[in-house]
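Colleague: Reading the sequence shown from the start, the letters are residues 24 to 491 in my numbering.
Think of the CB as a built atom: it goes at the ideal place given N, C-alpha and C, for glycine as much as any other residue.
Okay, here's the structure, questions in a sec.
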Amino acid sequence: MLDDMLDYMEHIRQRPVWQPIPPEVRGAFTAPLPRQPISLSQAHAQFMTQVLPYAGGNSHPGFMGWVQGGGTPVGMLAEMLSAGLNANLGGRDQMPLEVERQIGLWMRELFGFPDTSSGLFVTGSSTANLLAVLVARTQALGAASRACGVAGEGAQLVAYAASSAHSCITKAMEISGLGNQALRQVPVNAQGQMDVSALTRMVAADRLAGLQPFLVVATAGTVNIGAIDPLEQVAALAAQEQLWFHVDGALGALAMLSPELAPQFKGIEQADSIALDFHKWGQVPYDAGYFLARDGAGQLETFATPAAYLARHTRGLAAGSPWPCDLGPDLSRGFRALKTWFTFVCHGTEKLGAAISNSCALAQYMKQRIEATPELELMAPVALNIVCYRFRSANANTINDELVVLLQESGIAVPSASTLDGQVVIRAAIVNHRTVVADIDALLDATLVLGQKLTSAQPIHSLHRELL
Ligand SMILES: *Cc1c(COP(=O)(O)O)cnc(C)c1O
């Protein structure tokens, strides 16, 4: 099994990035309860033939659809160790928790956070952003709101995020009981960054209307185009207006590991909290999201709950309070910290940072090639690692939507489709450390061939073999 997975990673380039799932393969997983066992090798064989070839493809260097990391052999081996150990990181006095705390110390150092900061591994930034809304809500309403809920004063709370913010911020407002109408969408400038003067006006208007502004979410690397909101300006306004300043750094925060890119994130060190994903640019296997708070006390105030069966001691296995279960919603938790620790120590942060800046260099290369190709059109500024473009055509929205599907089905490259100002764009997010110039060329070459075929109504079924 180990050999199969090492071979998979080593030779992934020879596979299609993605391929449609045949109906009989899909159907193999609609079986009834397995009352009698099959052998481990039979289960493994089924995995090899029916699961592995039809995965999403994000380990492949040609995968640029959505923002997803590539994983590494080191991360895979660490996952095997954690599964073998079967540690439950909800709490108690155990060394796996010190590994998680080590990551907390590293994040504190990376973002220049004080000794009072605390952090927590979560599934991903969707959850980390939810924790930010919950902690900010409890700070704004006081710990008493845990008893009375948000129906009273909570109804007055308003939060702000740019119109380019990730949809999980809206979801977090809904889950937190504040409702998505309490999230103001701040307009963005031509670079796709939050317009801070508009934010200033919106906060003033809400105060005048008797509402209580409590939270501003800035994004460090927007999901659609990779824009970085003006963090320092947002920090200054948040300080002046006493708003919780949260940074959604799911995509971009780890660019702090790159000395060339870090200056663009100036202001992030002033955040009250940061959401980030090790499973994206950190190349840690799924899932590994992280929530970092400047003041751990607020996190405890939001989540710590006394329970007789979770009583703490100063000695014995129930020592070591506070526990992660005091800092977030989960009690039982896996050992996400181990694969993150292995990834950091076995590669070193200089190399991880270099892989991040290399994705941005590839994005600049791609931008230049698009600008030098008359059939293609660049659709957004390229600040980090995301390139939005389209094939020029009279019928551009329909053609480019179809083009993305055809590219995915070709197995050559996987971009995703998105929409910017009503225009359908082909979006390439370069995150995987395995991606090189040839992969960018393959995507653009395939876009040209398929785009020409689509617009001239030539048959397109044989593209995969032709181009490979
Ligand atoms: C990916 C992403 C998220 C969501 O993170 P998950 O880890 O997928 O839950 C949130 N915000 C931004 C900017 C992202 O890129």
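1. Considering only residues of the same chain and omitting the five flanking positions on each side of THR325, which have a CB-CB separation below 7 Å?
2. Residue range of the alpha helix (DSSP H) that ALA261 falls in?
3. Write down every uninterrupted run of the beta strand (DSSP E) in the region 348 to 415 whose length is 3 residues or greater and which is fully enclosed by it, in chain order.
4. Can you list, in chain order, the residues of its chain whose CB lies under 8 Å from that of TRP267, leaving out five sequence neighbours each side?
5. Is the Cβ-Cβ distance between ALA110 and PHE358 less than 8 Å?
6. Take MET32 as the anchor and find which of GLY233, LEU100, GLY272 and ALA395 has the nearest alpha-carbon.
7. If you drop the 5 nearest sequence neighbours on each side, which residues of the same chain put their C-beta closer than 6 Å to that of LEU491?
8. From the DSSP secondary-structure annotation, give me the bridge partner or partners of MET103.
9. Count the other CB atoms within 10 Å of the CB of MET225; is the residue buried (16 or more) or exposed (fewer)?
10. Quick one: residues in its chain with C-beta nearer than 6 Å to the C-beta of ALA311, no 5 flanking neighbours on either side, listed in chain order?
11. How many Å lie between MET87 and ALA243 at the Cα?
12. Cβ of LEU473 within 7 Å of any heavy atom in ligand 1?
13. Anyone know if the C-beta pair for LEU426 and LEU473 falls short of 8 Å?
14. I'd like to check one pair, GLN293 with SER141: are the Cβ atoms closer than 8 Å?
15. With DSSP collapsed to three states, give me the class of TYR332.
16. Kindly say whether GLY114, judged by its beta-carbon, lies nearer than 8 Å to any beta-carbon of chain C.
17. Would DSSP call LEU491 helix, strand or coil?
18. For TYR31, report the span of its alpha helix (DSSP H) as first-last.
19. Can you name, in chain order, every residue of its own chain whose Cβ lies under 6 Å from the Cβ of PRO39, other than the five neighbours on each side?
20. Between the Cα of LEU120 and the Cα atoms of SER105, ALA403, PHE134 and GLU132, which residue gives the shortest distance?
21. If you compare alpha carbons, which of ASN408, PRO76, VAL448 and GLY343 is closest to GLN37?
22. Does GLN42 come out as helix, strand or coil in the three-state DSSP assignment?
Modeller: Quick look at the numbers:
1. LEU157, VAL158 and THR161
2. 254 to 264
3. 399 to 401 and 409 to 414
4. ALA155, VAL158, ALA159, GLN162, ALA163, PHE237, LEU238, VAL239, ALA261, ASP295 and SER296
5. yes
6. LEU100
7. At LEU491 the pLDDT is 42, less than 50, meaning the model places this residue with poor confidence; the figure from the coordinates comes in the next sentence. There are no such residues.
8. Note: MET103 sits in no beta bridge, so no partner.
9. buried
10. PHE301, HIS302, ARG359 and THR363
11. 19 Å
12. no
13. yes
14. no
15. helix
16. Among the chains of the structure shown, chain C does not appear; only one protein chain is present.
17. Unreliable positioning characterises LEU491 in this predicted model, as indicated by a pLDDT of 42, which lies under 50. The coordinate reading is nonetheless provided below. Here LEU491 sits in coil by DSSP.
18. 25 to 33
19. GLY434
20. SER105
21. PRO76
22. coil
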